[in-house]
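If you read the sequence shown in our numbering, its first letter stands for residue 1089, the second for the next number, and so on.
Yeah, the Cβ is synthetic: ideal placement off N, Cα and C, and Gly gets one too.
These numbers were taken from a predicted model, which means no experiment stands behind them.
Worksheet for the structure shown next.
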Amino acid sequence: MNKPVVVIGIGEIGSVFARGFLRLGYPVVPVMRDMDMGVVAADVSEPEMVIVAVAEKDLHATLQQLPDVWRDKLVLLQNELLPRDWQQHGLETPTVISVWFEKKRGMDSKVVIASPVCGPFADEVKQALETLNIPASVVADADAMLRELVVKNLYILTTNIAGLECGGNVRELWLNHNELACSVAGDVLDIQEFLVGEALDRTALVEGMLAAFDGDPEHGCMGRSAPARLQRALAIADEAGLEVPALRRISAAALPSDK
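Okay, structure coming up:
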């Protein structure tokens, strides 16, 4: 009998991972919002892994409350994820996946490109997703995975924030609003460099974003989380003393003023 896989947060994405591991023969233990993780951990103290599938806004609160017996078993999958997000909780080597498939209520998973995954449980995560015909690729080291995380952040933030101004899909953004896309991407990369504490290969990162554009050209730019993403980005820019003029211009036009 395989050890159980704990899934914290059984939303649309969490349910995909749960189904994949069930197909591999793992028992799945769900942890919902109103459940005490400590109580669950008392019964499931030695899981195979613990998949944290909560929304990005709930990640830090979840990691703060994480039972000690689960800390070396983690799989993280949130958008806007970077090493500092787990390192501030004293977590050294969680398994991390950059999710490149979309799952909405009432529809099956829609793949954009293969989802890169790195860490101790990378092979198992890849196998679970592939039972659902969702491609994944194992990334060899932390440096390569950092690039993958920044590519996803660049994609999410550029399309969401630019979409507040132009709407449409990613193909239209790049072809019809290229100056906007490039200026927003530049601001986003300024923020990413501050967050990771090093200069980044911007050309390679933009090429990675464009590969994702090609994977699903009709993908809409502006999701429901776009205003919140812009506000978070501006808060980080303020902390770092960054100008980010494109983001500030879009914010002035698109977000309600407190004044």
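| Check | Outcome |
| --- | --- |
| With a 10 Å radius around its C-beta and 16 neighbouring C-beta atoms as the bar for buried, classify residue 1266 as buried or exposed. | exposed |
| Return yes when at least one heavy atom of the ligand ATP lies under 7 Å from the C-beta of residue 1310, else no. | Of ligands this structure carries none, so the ligand ATP is not represented either. |
| Can you find the residues in the same chain that come closer than 8 Å, C-beta to C-beta, to residue 1149, ignoring five residues on each side of it along the sequence? | none |
| So the alpha helix (DSSP H) residue 1103 belongs to, where does it begin and stop? | 1100-1111 |
| Could you please give the first and the last residue of the uninterrupted beta strand (DSSP E) stretch that includes residue 1206? | 1203-1206 |
| Take the Cβ of residue 1233 as the centre, count every other Cβ of all protein chains shown within 10 Å, and call the residue buried at 16 or more, exposed below. | buried |
| Using 8 Å as the threshold, is the C-beta distance between residue 1248 and residue 1297 below it? | no |
| Under three-state DSSP, which class holds residue 1303? | helix |
| Tell me the DSSP secondary structure of residue 1225 in three-state form. | strand |
| In terms of residue numbering, what span does the beta strand (DSSP E) encompassing residue 1183 cover? | 1183-1185 |
| Quick one, are the C-beta atoms of residue 1106 and residue 1095 less than 8 Å apart? | yes |
| Put residue 1346 into one of helix, strand or coil per three-state DSSP. | Note on residue 1346: pLDDT 49, under 50, position unreliable in the model; the coordinate value appears next. Reduced to three states, the DSSP call for residue 1346 is coil. |
| Here's a check: name, in chain order, each residue in its chain whose Cβ is nearer than 7 Å to the Cβ of residue 1114, leaving out the five neighbours to either side. | 1090, 1092, 1093 and 1136 |
| Excluding the five sequence neighbours on either side, which residues of its own chain have a C-beta within less than 8 Å of the C-beta of residue 1333, listed in chain order? | 1271 and 1275 |
| For residue 1189, which of 1176, 1167 and 1130 has the nearest alpha-carbon? | 1167 |
| What would DSSP say about residue 1209, mapped onto helix, strand or coil? | coil |
| If you draw a straight line from the alpha carbon of residue 1250 to that of residue 1323, how long is it in whole angstroms? | 17 Å |
| Judging by CA-CA distance, which residue of 1314, 1337 and 1177 is the nearest neighbour of residue 1244? | 1314 |
| Report the residue from 1287, 1216, 1242 and 1286 whose alpha carbon sits nearest the alpha carbon of residue 1269. | 1242 |
| Got a sec: is the Cβ-Cβ distance from residue 1290 to anything in chain B below 8 Å? | Looking at the structure shown, chain B is missing, and only one protein chain is on hand. |
| Looking only at its own chain, which residues have a Cβ that is under 7 Å from the Cβ of residue 1294, when we skip the five neighbours before and after it? | 1273 |
| In three-state terms, what does DSSP make of residue 1162? | strand |
| Would you kindly check if the distance between the Cβ of residue 1165 and the Cβ of residue 1049 is under 8 Å? | This structure leaves residue 1049 out entirely; the chain is present only between 1089 and 1347. |
| Quick check: residue 1252 and residue 1338, are their CB atoms within less than 8 Å of each other? | yes |
| Residue 1308 bridges to which residues according to DSSP? | 1257 |
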